[in-house]
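In my numbering, the protein residues as written are 1311 to 1661.
Given below as structure tokens:
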């Protein structure tokens, strides 16, 4: 392998790794705050790409009925909870949070699709449509079982993945779709040619990582999320509501999934089931990074992108096998470093 070929493979691996970075950050964020391994993260990525492609074809995407349906369910769950707690006076506020706000992007999209809109507006509408899915799924699926063991939460997350895949099959059909490139052209840097879309992927991934860091370091909601991730009981004693931080974590994760879907859609044809493998590779990166560290998740995701790229050069049929098999030495090494003496309760506390 020549140095020039190695540089090209590294370029491709880092570009793919930029998408895995966004997904890994979302998975780690949700896990630290709620203990949920968000398996359906990749489904939100695919949903974003399919929604954008459908809007570009001047058709109405299935997201327009999926979001209101989840909003009605979420409001029903919240209304029952408030009624049982004797807090019926808070129902109007709940209706605003769980019905009006999630449905607002749907109404805006229905009104806007009458005109030929520029790509930037379509992207904004697409992300706005996907954004409420995170908090709505948290309210309907995970909040009622928030105190369940991690294994139960994982089983429910896997079941949710299959449910979302089925709903997306109904909403978008079995055929794959690909949105238009957001940024064309190419730039030569250091002898390597970077397409506009690739530069957009790299720049957006870096910018989102920076914004996430600023959010955690310099905002009160970000500090509340950090406190909940460190000690859920202590955060609750300090007046931080785990339900609220969980909704914010899922909202941020849905935003990251929306950005990732907009970026990866134009370079890969995605279908209703395509997001699972993207989320799984990002999860591998998060595990390699420790599943408890954002910088570790970034490094692990970039490693997965590079490993996938170089493996595909040798044998494209083995790239998934090698990526997933890379977990084994990492897990064995961590087990050896931990001494292998942790009992079952200690292991669950670590998760």
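Every residue gets a Cβ at the ideal spot worked out from N, C-alpha and C, and that includes glycine.
Let me confirm a value: residue 1515 is counted as buried when at least 16 other C-beta atoms fall within 10 Å, else exposed. Which label applies? As a working mapping, residue 1515 is identified with position 205 in the chain shown. Looking at its Cβ environment, which holds 16 or more other Cβ atoms inside 10 Å, residue 1515 is buried.
Residue closest to residue 1493, alpha-carbon to alpha-carbon, out of 1429, 1415, 1316 and 1598: Along the chain shown, read from residue 1 onward, the residue named residue 1493 stands at position 183. Out of 1429, 1415, 1316 and 1598, 1429 has the C-alpha closest to the C-alpha of residue 1493.
Could you pull out every unbroken alpha helix (DSSP H) segment of at least 4 residues lying fully inside the stretch 1435-1509, listed in chain order? 1443-1447 and 1460-1482
Own chain partners of residue 1392 with C-beta closer than 8 Å, once the 5 adjacent residues on each side are dropped: Against the chain shown, residue 1392 aligns to sequence position 82. Around residue 1392: 1398, 1400, 1401 and 1404.
Using only alpha-carbon positions, find the residue among 1582, 1567, 1422 and 1509 that is nearest to residue 1483. The residue you call residue 1483 lines up with position 173 of the chain shown. Cα-wise, what sits closest to residue 1483 is 1582.
Is it the case that the Cβ atoms of residue 1274 and residue 1519 are separated by a distance below 8 Å? Because residue 1274 is not part of the residues shown, which for the chain are 1311 to 1661, the question remains open.
According to DSSP, is residue 1561 part of a helix, a strand, or is it coil? As a working note, residue 1561 is residue 251 in the chain shown. Helix, per DSSP.
Reference residue 1496; option with closest CA among 1490, 1485, 1486 and 1508: For the purposes of this step, residue 1496 is taken as residue 186 along the chain shown, with counting starting at 1. It is 1508 whose Cα lies nearest to the Cα of residue 1496.
Does the distance from the CB of residue 1432 to the CB of residue 1366 come in under 8 Å? Residue 1432 sits at position 122 when you count from the first residue of the chain shown. Residue 1366 sits at position 56 when you count from the first residue of the chain shown. Yes. Within cutoff.
Contact set for residue 1422: own chain, Cβ-Cβ below 8 Å, skip 5 residues either direction: Taking the first residue of the chain shown as position 1, residue 1422 is located at position 112. These residues qualify, in order along the chain: 1431 and 1435.
Name the residue from 1621, 1639 and 1597 whose alpha carbon lies nearest to the alpha carbon of residue 1333. Position 23 of the chain shown, counting from 1, holds the residue named residue 1333. Here the closest residue by C-alpha is 1597.
Buried or exposed: where does residue 1487 fall if 16 or more other Cβ atoms within 10 Å of its Cβ makes it buried? Here residue 1487 is taken as the residue at index 177 of the chain shown, counted from 1. So residue 1487 ends up on the buried side.
Apart from the five residues on each side of it in sequence, which residues of its chain come closer than 8 Å, Cβ to Cβ, to residue 1324? One-based indexing of the chain shown puts residue 1324 at position 14. Cβ neighbours of residue 1324 beyond the five flanking positions: 1512, 1612, 1615 and 1616.
Per-residue DSSP class, three states only, for residue 1370: Along the chain shown, read from residue 1 onward, the residue named residue 1370 stands at position 60. The answer is coil: DSSP assigns residue 1370 none of H, G, I, E or B.
Given residue 1374, which residues of its chain have a CB within under 8 Å of its CB, disregarding the five upstream and five downstream residues? The residue you call residue 1374 lines up with position 64 of the chain shown. The answer, listed in chain order, is 1416, 1419, 1420 and 1439.
On the three-state DSSP scale, how would you describe residue 1289? Coverage of the chain is limited to positions 1311 through 1661, which leaves residue 1289 absent and any answer about it impossible.
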